[in-house]
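Enquirer: End of the sequence shown sits at 304 in the working numbering; the numbers just go up one at a time, nothing left out.
Ideal placement from N, C-alpha and C gives every residue a C-beta, glycine not left out.
Here it is, the structure in full.
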Amino acid sequence: MKRKIITTGDGSKTIQIEDWDEQYHSKHGAVQEAYHVFIKHGLRLFQNQKIKILEIGFGTGLNALITLYEAIGQQLQIDYVGVEAFPVSMEEVQELEYCEQLGFEDMEKAFQEMHSSPWEKNIPITSDFSLLKQKKDFRQISEENLFNLIYFDAFGARVQPELWTEEIFLQMYRALQENGILVTYAAKGSVRRAMQAVGFTVERLPGPPGKREMLRAKKNSVCQESVNEWSVRVINYTKV
65 MKRKIITTGD GSKTIQIEDW DEQYHSKHGA VQEAYHVFIK HGLRLFQNQK
115 IKILEIGFGT GLNALITLYE AIGQQLQIDY VGVEAFPVSM EEVQELEYCE
165 QLGFEDMEKA FQEMHSSPWE KNIPITSDFS LLKQKKDFRQ ISEENLFNLI
215 YFDAFGARVQ PELWTEEIFL QMYRALQENG ILVTYAAKGS VRRAMQAVGF
265 TVERLPGPPG KREMLRAKKN SVCQESVNEW SVRVINYTKV
């Protein structure tokens, strides 16, 4: 599909998929959205500890870059896993100019390494931040009780409804540790209900510029019968 670089409302850039009229980040402000959704309402819940983050849709690497920067101030050690089925090119990365836009010029080398590092290999970007990129479909995620925080940044349900189902959110639920958090820019009622159906407690929060609300979900314990029932549904779903 044809893609192009566009400038969003806050002056930062993102990639637009023209056939879908869909962007990798909000057209109202790529950087503003990243900070509001994933940092303010996700990462900043954690301080002075080692955490594991899963990003659904590594994409341009913007969320990972800002997380690396913010982790320094919050004294966090981070193991970061970014899942992406269709990686962006290095030419696109350079055209996005995120380090310049953010004033992170001293992090340009680290950001380039995030994109140039090999897939399926854990790479230490700094002494306190490691990155594992996985090139696969989100439905192939199988980790259990591993992550403290999930950035759910998939393309919207309008263009990829299959990524916002109960089956997908069960996989996210299982991937989180107890009391783990999932944050997403989405706020549709169908998405909230899908999260709740698999056991999440879901909050509506004020959204980033251009959106009235967003969602934050927390993992709660559910009875083993419910987990087993949903596991069968996931197995059947992945075979389709």
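Contact between the segment 236-247 and the segment 270-277 is defined here as three or more beta-carbon pairs at a separation below 8 Å; is this criterion met?
Expert: Too few Cβ pairs lie closer than 8 Å, so no.
Enquirer: Secondary structure at A281, three-state DSSP: helix, strand or coil?
Expert: Strand at A281.
Enquirer: May I ask you to report which of helix, strand or coil DSSP gives G244?
Expert: The answer is strand: DSSP assigns G244 an E or B state.
Enquirer: Classify Y133 as helix, strand or coil using the three-state DSSP reduction.
Expert: It is helical.
Enquirer: Let me know the secondary structure DSSP gives Q288 once reduced to three states.
Expert: Only weak support exists for where Q288 lies, its pLDDT of 40 falling under 50; the value from the coordinates is given anyway. Residue state, collapsed to three classes: helix.
Enquirer: Return the residue from the list V147, H92 and P151 that minimises the CA-CA distance to S180.
Expert: Answer by Cα proximity: P151.
Enquirer: Output the distance between the C-alpha atoms of P225 and A250, rounded to the nearest integer angstrom.
Expert: For P225 and A250, the distance between alpha carbons rounds to 12 Å.
Enquirer: If you count every other CB in all the chains shown that lies within 10 Å of the CB of W228, and 16 or more means buried, which is it?
Expert: Flag for W228 reads buried.
Enquirer: Compute the distance between the beta-carbons of E119 and Y215, then report whether it is under 8 Å.
Expert: Yes, they are a contact pair.
Enquirer: Could you tell me the boundaries of the beta strand (DSSP E) in which I232 lies?
Expert: Segment E230 to A239 is the alpha helix (DSSP H) holding I232; no beta strand (DSSP E) there.
Enquirer: Under the three-state reduction of DSSP, which class applies to V157: helix, strand or coil?
Expert: Helix, per DSSP.
Enquirer: If we require 4 or more residues per run, which alpha helix (DSSP H) segments fall completely within the segment 68-141?
Expert: List check, alpha helix (DSSP H) in window: 94-97 and 126-137.
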